[in-house]
Amino acid sequence: MDLAFMLSHTSHVLSTELTAELAGLGITPRGSCVLASALTGEHTQIQLADMCGLDKTTMVVTVDELEKAGLVERQTSPTDRRARIIVVTPQGREMSAKAADVIDRVHEDVLASLPDGEREGLVAGLTRLVENRLSRPVQCERAPRRRN
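Taking the working numbering, the leading residue of the sequence shown gets 906, the next gets one more, and so forth.
Written out as structure tokens, the structure is:
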């Protein structure tokens, strides 16, 4: 059993399916994550990048795309004039809701391919790994690049 391969493969296939499904709305999974995360409160680009697992450069490009589409606005932080808060526009709220529906549908379809008794166990086990043992990568001189 190659756990790393199985997790990587399923992540890649699921991410590809989500990308294809969200393309119909004109948004990427990254963009959807930024929108959904920005809706949870006042967050800077750096905070949102951390919430979505994006590097600084990818975050800037993603926010540029969302801003160009009229889904977010950059506003100066009231507490730090150097920082920018990402504010979701009404159009962005609508897009986020539509994207969430697509993501939920794909996730439900994927989990429906498992027998009833395995669905909850898979999600519970992965949640425990992400929240505990596999929450942060170890220090590594030549760490593999993360796919987003």
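Glycine included, C-beta positions come from ideal geometry on N, C-alpha and C.
- In this structure, DSSP gives Ile-991 an extended state, which the three-state scheme calls strand.
- Within the DSSP secondary-structure output, Thr-981 pairs in a beta bridge with Arg-989.
- Per the Cβ contact rule, the segment 940-956 is in contact with the segment 984-993 (3 or more Cβ pairs under 8 angstroms).
- One thing to note: Leu-919 has its Cβ within 9 angstroms of the Cβ of Val-1011.
- Closest in alpha carbon position to Ser-916, among His-948, Pro-934 and Met-906, is Pro-934.
- No residue range can be given for Leu-944, since it is assigned to no alpha helix (DSSP H) and is classified by DSSP as neither H nor E.
- DSSP places Thr-949 in the strand class (E or B) of the three-state scheme.
- In this structure, Val-977 and Leu-971 form a Cβ contact; the two beta carbons are roughly 4 angstroms apart against a cut-off of 8 angstroms.
- Distance from the CA of Val-1015 to the CA of Thr-984, rounded to the nearest whole angstrom, comes to 43 angstroms.
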